[in-house]
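Q: So that we are looking at the same thing, I have put the structure below in structure tokens.
There are 2 protein chains.
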Amino acid sequence: MRPAHHPEVGEFTLTGVMAALSDPIRVGVVRVLADGRERGWGDLLAPVAKSTLSHHLRVLRDAGLTRTRQEGTRCFVTLRRQELQVRFPGLLEAVLAAAEDEDVGHQVGVKDAVPPT
Amino acid sequence: MRPAHHPEVGEFTLTGVMAALSDPIRVGVVRVLADGRERGWGDLLAPVAKSTLSHHLRVLRDAGLTRTRQEGTRCFVTLRRQELQVRFPGLLEAVLAAAEDEDVGHQVGVKDAVPPT
DNA sequence: TTCGATGTTCGTGAAACATCGAACAAGCTA
DNA sequence: TAGCTTGTTCGATGTTTCACGAACATCGAA
Chain A
0 MRPAHHPEVG
10 EFTLTGVMAA
20 LSDPIRVGVV
30 RVLADGRERG
40 WGDLLAPVAK
50 STLSHHLRVL
60 RDAGLTRTRQ
70 EGTRCFVTLR
80 RQELQVRFPG
90 LLEAVLAAAE
100 DEDVGHQVGV
110 KDAVPPT
Chain B
0 MRPAHHPEVG
10 EFTLTGVMAA
20 LSDPIRVGVV
30 RVLADGRERG
40 WGDLLAPVAK
50 STLSHHLRVL
60 RDAGLTRTRQ
70 EGTRCFVTLR
80 RQELQVRFPG
90 LLEAVLAAAE
100 DEDVGHQVGV
110 KDAVPPT
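Line by line, the protein sequences are chains A and B. If you're matching positions, the first sequence starts at 0 in numbering that gives the first Met the number 0 and goes up one per residue. If you're matching positions, the second sequence starts at 0 in numbering that gives the first Met the number 0 and goes up one per residue.
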């Protein structure tokens, strides 16, 4: 596993981001990451094969939406929220709000969900 | 030419809109329409065959981004800006701003450009 | 070193998409 | 009516995307 390429903020493209967010699974992943917490790859729950999830995470990464960090044999993902805000002000917020409203990507979850009160 | 279907505001989907805006030509069309003026189909200038442009306009229409009005044998297109704002607050503004910034869809123009001073 | 866990990559289909030119439909105009 | 204009639709083509399982690479643990 070579160390995955991440585009610089200046390399983000609008159409790239739009394309990345045109799939419900990927929107779901973004929603899961929206609280700013880093998540383990394996903690993501999506109704697709792991190779498919890997593909989706790659698309998100290539578009600049997420950052993947490697630690030993495990991976951790975060949303590049700050950088996106700089490059595309307001875009992510608008998308997240709409996604909540429509419940897009509800099929994506995370292990260790809401810790009980 | 049957009278083209337009989705209701409630039928818009986030992923549909994102997909529609993931193509530079279509973003270009949206930009051209962003001033709120209605434009004639034939006044749109894009570096693609007319059948291709027709396809793109259909995608935009189906996603709810534009409205097409027919008058005799000619068509006029407008951006459904108000309705988009209601359904996806802030989204279109953010996209338009980013598109300007990046000059996405610059290859799309309109006849009868800026009227000289 | 051997095994298990974790992701990525590969090979492969099926489906969707962008594109074109040709054919078509419908309405003006001569 | 004949012809022109304006878009849409059709069929073909090549590309991209999504999906899967299998194989692989890497690391940590036994």
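We put the beta carbon where it would ideally sit given N, CA and C, even for glycine. Computed from a prediction, not measured in an experiment: that's the story for all the values here.
(1) Grouping DSSP H, G and I as helix and E and B as strand, with all else coil, what is residue 84 of chain B?
(2) Would you please verify whether the beta carbon of residue 23 of chain A is less than 8 Å from any beta carbon of chain B?
(3) How would you call residue 51 of chain B, buried or exposed, if buried means at least 16 neighbouring beta carbons within 10 angstroms?
(4) Tell me, please, whether the CB atom of residue 26 of chain A is closer than 8 Å to any CB atom in chain B?
(5) Would residue 88 of chain B count as contacting chain A if we go by Cβ distances under 8 Å?
(6) How about residue 23 of chain A and residue 61 of chain A: are their beta carbons less than 8 Å apart?
(7) Quick one: what's got a C-beta closer than 7 Å to residue 79 of chain B's C-beta in the same chain, skipping five residues either side?
(8) Where do the N-terminal and C-terminal ends of the beta strand (DSSP E) with residue 70 of chain B fall, by residue?
(9) Could one say the Cβ of residue 12 of chain A lies closer than 8 Å to chain B's Cβ atoms, at least one of them?
(10) For a contact defined as C-beta to C-beta under 9 Å, what are the partners of residue 3 of chain A on chain B?
(11) What number of angstroms, rounded off, separates the C-alpha of residue 47 of chain A from the C-alpha of residue 53 of chain A?
(12) Identify whether residue 107 of chain B lies in helix, strand or coil by the three-state DSSP scheme.
(13) Just to confirm the assignment: which complete alpha helix (DSSP H) runs, minimum length 4, are found wholly within the stretch 38–65 of chain B?
(14) Is residue 33 of chain B close to chain A, meaning its C-beta is less than 8 Å from at least one C-beta of that chain?
A: Checking against the coordinates, here is how it stands:
(1) Locating residue 84 of chain B in the second sequence gives position 85, counting from the first residue. The answer is helix: DSSP assigns residue 84 of chain B an H, G or I state.
(2) Translated into positions along the first sequence, residue 23 of chain A becomes position 24. With 8 Å as the cut-off, residue 23 of chain A counts as an interface residue toward chain B.
(3) To locate residue 51 of chain B, count along the second sequence from 1; it is residue 52. The residue in question, residue 51 of chain B, is exposed, as its Cβ has fewer than 16 Cβ neighbours within 10 Å.
(4) Position 27 of the first sequence, counting from 1, holds the residue named residue 26 of chain A. Yes, contact with chain B.
(5) Residue mapping note: residue 88 of chain B aligns to position 89 of the second sequence, counting from 1. Yes, contact with chain A.
(6) Taking the first sequence and counting its residues from 1, one reaches residue 23 of chain A at position 24. Taking the first sequence and counting its residues from 1, one reaches residue 61 of chain A at position 62. Their beta carbons are not under 8 Å apart, which means residue 23 of chain A does not touch residue 61 of chain A by this criterion.
(7) Counting from 1 along the second sequence, the entry for residue 79 of chain B is found at position 80. Only 63, 64, 65, 66 meet the Cβ criterion.
(8) Position 71 of the second sequence, counted from the start, is the residue given in the question as residue 70 of chain B. Its beta strand (DSSP E) spans residues 65–70.
(9) On the first sequence, position 13 is the one that residue 12 of chain A refers to. Answer yes: the Cβ-Cβ gap between residue 12 of chain A and chain B drops below 8 Å somewhere.
(10) For the purposes of this step, residue 3 of chain A is identified with residue 4 of the first sequence, where counting begins at 1. Near residue 3 of chain A there are no residues of chain B at all, since even the closest Cβ is about 23 Å away, more than 9 Å.
(11) Walking along the first sequence from the start, residue 47 of chain A turns up at place 48. Walking along the first sequence from the start, residue 53 of chain A turns up at place 54. Spanning the two alpha carbons is a distance of roughly 10 Å.
(12) On the second sequence, position 108 is the one that residue 107 of chain B refers to. In this structure, residue 107 of chain B counts as coil in the three-state DSSP scheme.
(13) 49–62
(14) For the purposes of this step, residue 33 of chain B is taken as residue 34 along the second sequence, with counting starting at 1. Not one chain A Cβ lies under 8 Å of residue 33 of chain B.
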